[in-house]
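Trainee:
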Amino acid sequence: MKLQHNLGGLEGLDPITPELEVFVEPWEKRIFGIHTAMMALSNHLNSSRPDYKIDQVPTQFKSFWTWGHLRMGAEGIHPFEYFRLRYYEKWLGGISGFFVEEGYITQEELDARTAEILADSAKAEAPLPSGGDAAIDTQVEKYLREGDSPMRSQPAPPKFSVGDKVRIKNVAPGEHSRLPGNLKGHTAEVVKVYEGAFTYFFPTADGIGTPMPVYSLVFHAEDLWDESVTEPNVVYYNDIFEAYVEAA
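In my numbering, the protein residues as written are 206 to 453.
#1: Please name the residue or residues paired with ILE445 in a DSSP beta bridge.
#2: In the DSSP output, which residue or residues are listed as bridge partners for ILE373?
#3: Report yes if the C-beta distance between VAL395 and PHE365 is below 7 Å; otherwise report no.
#4: State the DSSP-derived secondary structure class of LYS397, mapped to helix, strand or coil.
#5: Evaluate contact between the stretch 329-349 and the stretch 359-378, counting only Cβ atoms and requiring at least three cross-stretch pairs below 8 Å.
#6: Where do the ends of the alpha helix (DSSP H) carrying GLN344 lie?
#7: Counting beta carbon pairs with one atom in the stretch 273-283 and one in the stretch 299-313, are three or more of them shorter than 8 Å?
#8: Between which two residues does the alpha helix (DSSP H) harbouring PHE303 extend?
#9: For the stretch 316-324 and the stretch 263-272, state whether three or more C-beta atom pairs, one from each stretch, are separated by less than 8 Å.
#10: Determine the direct distance from the alpha carbon of ASP353 to that of SER514, and round the result to whole angstroms.
#11: Taking the alpha-carbon of PRO355 as reference, which of GLY238, PHE407 and GLY213 has the nearest alpha-carbon?
#12: For the stretch 224-260, which segments carrying the beta strand (DSSP E) assignment without a break, of at least 3 residues, lie completely within its bounds, in sequence order?
#13: Does the structure place the stretch 344-351 close enough to the stretch 364-381 that three or more beta carbon pairs sit under 8 Å?
#14: Please report the Cβ distance between GLY412 and THR404, rounded to the nearest whole angstrom; I am assuming they are in contact, meaning their Cβ atoms lie under 8 Å.
#15: Consult DSSP for PHE403 and reduce its assignment to one of helix, strand or coil.
#16: What's the C-alpha gap between LYS234 and PHE228?
#17: Under a three-way DSSP split, which group does HIS425 fall into?
#18: Rounded to a whole number of angstroms, what is the C-alpha to C-alpha distance between ASN387 and GLY281?
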């Protein structure tokens, strides 16, 4: 299992200092904007909720890109690099790798452009290109307002009800997982069954992707961590896809 999937189970990490600024460096705003535009122009939006006529938008971006792809790119980083890099540096690495994999740019072109900008700091502060297509702007603004809902109709009744005791399956995470590693094998109680079913953006090796129920589960802290690092009567809540849950 990658360390990125098991942060809640690690001990001895340095104290975390919360970053109070949303964007620390100017370039972080740009990478956030690029990611947002990629989501707004993703080719899967023809079948999403709400309905987008994405095939009518004159964009040269023809790929499938979601929050899930961004997370998968970050999880694919070497663990040492994952902990070393800042938040938006992980974004930049994942997005850059995706553009190379999809053929929009070669690694050689990316390396050459990176070296050029690093050699001339003025280029790093250059203004964004002007112009562009108004239809693309309209699509991005619509996506920002309306998003891409994961909720779907319920294909089958939930397997569990409020009050049921359940156990988290010990499934291999593969390239990408939405299951915190330190919960595997532990028992919990169902405290809420969310209405409807929820899909994930794409199928993962550990079982999510198709519409399924999602549960809010409550764990006792002493079951997850050593008593020396917990306080009495502390509980921990986590929302979990049904694919990760079995009867206790």
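All residues carry an ideal CB built from backbone N, CA and C; glycine is no exception.
Mentor: For this structure:
#1: Counting from 1 along the sequence shown, the entry for residue 445 is found at position 240. Looking at the DSSP assignment, ILE445 forms a beta bridge with TYR420.
#2: In the sequence shown, counting from the first residue as 1, residue 373 sits at position 168. Per DSSP, VAL450.
#3: As a position in the sequence shown, residue 395 is number 190, starting the count at 1. As a position in the sequence shown, residue 365 is number 160, starting the count at 1. Yes. Within cutoff.
#4: Numbered from its first residue, the sequence shown carries residue 397 at position 192. In the displayed model, LYS397 falls within a strand according to three-state DSSP.
#5: No, the stretch 329-349 does not touch the stretch 359-378.
#6: The residue you call residue 344 lines up with position 139 of the sequence shown. Its alpha helix (DSSP H) spans residues 339-351.
#7: Taking 8 Å as the limit for Cβ pairs, the verdict is that the stretch 273-283 does touch the stretch 299-313.
#8: Indexing the sequence shown from 1 puts residue 303 at position 98. Counting along the chain, the alpha helix (DSSP H) containing PHE303 begins and ends at 292-306.
#9: By the Cβ criterion, the stretch 316-324 is not in contact with the stretch 263-272, since fewer than three pairs of Cβ atoms, one from each stretch, lie closer than 8 Å.
#10: This structure does not reach residue 514, given that the chain is present from 206 up to 453, and the question cannot be answered.
#11: Residue numbering aside, residue 355 sits at position 150 when the sequence shown is read from its first letter. Nearest Cα to PRO355 within the set GLY238, PHE407 and GLY213: PHE407.
#12: Taken in chain order, the whole beta strand (DSSP E) runs of length 3 or more contained in the stretch 224-260 number zero.
#13: Flag = no, the stretch 364-381 and the stretch 344-351 do not touch.
#14: Reading the sequence shown from its first residue, position 207 is the one you call residue 412. Reading the sequence shown from its first residue, position 199 is the one you call residue 404. For GLY412 against THR404, the beta-carbon gap comes to about 13 Å, at or over 8 Å, which does not count as contact.
#15: Position 198 of the sequence shown holds residue 403. The answer is strand: DSSP assigns PHE403 an E or B state.
#16: Locating residue 234 in the sequence shown gives position 29, counting from the first residue. Locating residue 228 in the sequence shown gives position 23, counting from the first residue. Approximately 6 Å between the Cα atoms of the pair.
#17: Taking the first residue of the sequence shown as 1, we reach residue 425 at position 220. In this structure, HIS425 counts as strand in the three-state DSSP scheme.
#18: Looking up residue 387 in the sequence shown gives position 182. Looking up residue 281 in the sequence shown gives position 76. Distance between ASN387 and GLY281, taken at the CA atoms: about 19 Å.
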